[in-house]
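In structure tokens, the structure reads:
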């Protein structure tokens, strides 16, 4: 009998298949391994092919926009939003619009074209989060920018057009719908229970243990109860903070190791799948919130979304999260 | 300058690219044309390969589950939900679940393996809607089933696993999130303006004409103002009805011609793309609603969803709907 499960934050229902649960070997998978060989605008020596960098880590102290960097942040070549201009909110009969003011940047995570997130050192993964934090702190000074998201698409199936390992930062003048729903769902829970729902999720998951596959000093990694997708993974910090950008040194250090380990487990079990990763965090112009709790969501791209999912927001997950977590827990790493 | 547009029903924001708008020839497209040649369980003569039919149109009066049909409805071979059993709603700490009670059926739209929706006759397309209506009327007698959706995925990119033209019907014991959001958004509009938002959309679109590409006696077809996807198309009935299953004979007849023409225009401009189609209709156990208005949404699968869209509900549409509508309006049909 399939099971209907409700996401406690958003209220979203998911069908979890239990009869014919799909195991890692059942998915037709794209193995995403950099092939190299083509011209890459993100590689060292091609710095002039990107817009001038807005941030770079240069261990040897080399000049901006030259080689010698370990990480670079550059404006996107084809930005979906631009910093220039006014918002100019307008109505058009029953419709509303505004100019696409915002920012869109690319974090080049490593100079080495052939490495993916799980191949990077702990320090390199840590640096991706330092760079993201620094960019958020800089971008939020523009008070028109209300939400800033750090996300990553790896592989064509995840929308990536460049194979060189990179993340993206997008700053928006609005709070998008899904983010608003998470905030509102978490607020309703706080109003009713007077507790943070994510803190409660961490407590229930670590006590039950069925869906947890990695616990570190500052983080818990698990496949959520109402996973929309097979092998969906959340990394939730134990310490309550609404805003990612308020993390402190030990938390960023530990995140490097935690995310690297999670990615290595996913790469091992699912044979280097395409995936999307997103940092969920509270709107940047608002103060600390008792109800929201930043976290990371990772979705391996194993199956295509079927017909009715985009229309109803109702997902069918072919692998129970308890099964997915068992595979990830048991994946030994060299 | 890109434009941010807000969907008036759901409040969803979309970035519409205006600078480098993508035209039909810019999309890397999968042309979905039935290849045939493989064994097909939906073809005439293979009736025993599906579950016994729940409905069939047999112009010559042949026996159930034999050849001679023009349309068949059968339970899905791998249903995501089952009619048997009790809902058995349960809590598990902070989580909620219930058994996956529901129904999942397949409407085989034509006996001819090689035809797609745009190739069918008006009468055949009309019959798909009669069959869907009849199934909804039958299924809703089970009062546990609260939402029933008719949808179609055409092509692998749209999640279809069989190439023989078919739609699906899914009956759920809950109202899914996106459907609830449409209902709530439309209700807020009615409360504020005392009018149906979809009736207002039809009025504004037909007066403006920029995004409309087909007007028939009972329907208006247009690319919506805040289209999430390039060439997204809505077919909205002029007459206000909350429930698709309450349509009357002239409306179903005219829908056959309207949808067939829309699909032929889409097939011509986008060279037979993969697409998803969904009938949006009010929850089946509720009476007629002043605020909701059934309609059809069609989304050609032209680009992959990029990284941040699934996490934020914030879409980037590379083709302004005014441009898309112009191409569809000008597409002459033989």
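Residue numbers (the working numbering), protein chains in the order written: chain H, 1 to 334; chain R, 1 to 334.
C-beta atoms are modelled at their ideal positions from N, C-alpha and C, and glycine is treated no differently.
Everything numeric in this text was worked out from a predicted model, so none of it was measured.
Along the region 267–278 of chain H, going in chain order, the ones with a CB nearer than 7 angstroms to a CB of chain R are 276, 278. Judged by DSSP secondary structure, residue 121 of chain R falls outside any alpha helix (DSSP H); it is assigned neither H nor E. A contact between stretches requires three or more CB pairs, one per stretch, nearer than 8 angstroms, and the region 281–288 of chain R fails this requirement with the region 190–202 of chain R. By the C-beta density criterion, residue 127 of chain H is buried, having at least 16 other C-beta atoms within 10 angstroms.
Three or more pairs of CB atoms, one per stretch, sit closer than 8 angstroms, so the region 216–235 of chain H contacts the region 290–300 of chain H. Relative to the Cα of residue 190 of chain R, the nearest Cα in the group R:219, R:74, R:292 belongs to R:292. Flagged as an interface residue toward chain H: residue 201 of chain R, by a C-beta distance shorter than 8 angstroms. Under DSSP, residue 277 of chain R takes part in a beta bridge, and its partners are R:152, R:298. With respect to chain H, the C-beta atom of residue 30 of chain R has no partner C-beta closer than 8 angstroms. For residue 69 of chain R, the secondary structure class from DSSP, reduced to helix, strand or coil, is coil. Among the bridge pairs identified by DSSP, residue 6 of chain H is matched with H:13, R:96. In the DSSP assignment, the residues bridged to residue 147 of chain H are H:172. Within the same chain, and ignoring the five residues on either side of residue 290 of chain R in sequence, the residues whose Cβ sits closer than 7 angstroms to its Cβ are 190, 196. Burial is judged here by how many other beta carbons sit within 10 angstroms of a residue's own beta carbon; residue 15 of chain H has at least 16 and is buried. In this structure, residue 279 of chain R sits away from residue 74 of chain R, with a CB-CB distance that is not shorter than 8 angstroms. At least 8 angstroms separates the beta-carbon of residue 269 of chain R from that of residue 214 of chain R. The Cβ-Cβ distance between residue 166 of chain H and residue 80 of chain H does not fall below 8 angstroms. Excluding the 5 residues flanking it on each side, residue 242 of chain R has same chain C-beta neighbours closer than 7 angstroms at 282, 288, 289, 292, 293, 294, in chain order. In the structure shown, residue 317 of chain H falls within a strand segment according to DSSP collapsed to helix, strand and coil. In the structure shown, the three-state DSSP call for residue 109 of chain R is coil. If you draw a 10 Å sphere on the C-beta of residue 31 of chain R, you find fewer than 16 other C-beta atoms in it, and that means exposed.
In this structure, the straight-line span from the alpha carbon of residue 84 of chain R to that of residue 144 of chain R is close to 12 angstroms. Chain H places a beta carbon closer than 8 angstroms to that of residue 176 of chain R, counting this residue as a contact. Residue 55 of chain H carries a strand assignment under DSSP once its states are collapsed to helix, strand and coil. Counting only residues of its own chain and dropping the five nearest sequence neighbours on each side, residue 176 of chain R has a CB closer than 7 angstroms to the CB of 147.
Contact check for residue 33 of chain H and residue 272 of chain H: beta-carbon distance about 6 angstroms, within the 8 angstroms limit, so the pair qualifies. Its chain contains 102, 147 as the residues whose beta carbon lies nearer than 6 angstroms to that of residue 172 of chain R, once the 5 sequence neighbours on both sides are disregarded; these appear in chain order. C-alpha of residue 186 of chain R to C-alpha of residue 59 of chain R: approximately 41 angstroms in a straight line. The beta carbon of residue 113 of chain R is closer than 7 angstroms to those of 34, 36, 40, 43, 164 in its chain, skipping five residues each way along the sequence. For the pair residue 124 of chain R and residue 332 of chain R, the Cα-to-Cα distance works out to about 22 angstroms. Residues 152, 298 of the same chain have their beta carbon placed closer than 6 angstroms to that of residue 277 of chain H, with the five preceding and five following residues left out of the count.
Per DSSP, the unbroken alpha helix (DSSP H) holding residue 198 of chain H starts and ends at 197–208. If you draw a straight line from the Cα of residue 258 of chain R to the Cα of residue 216 of chain R, it is about 7 angstroms long. By the Cβ-count criterion, residue 249 of chain R is exposed, with fewer than 16 other Cβ atoms from all chains shown falling within 10 Å of its own Cβ. Contact annotation for residue 80 of chain R against chain H: 2, 15, 17, 316 [CB-CB distance below 8 angstroms, chain order]. Secondary structure note for residue 221 of chain H: its beta strand (DSSP E) is the uninterrupted segment 219–222.
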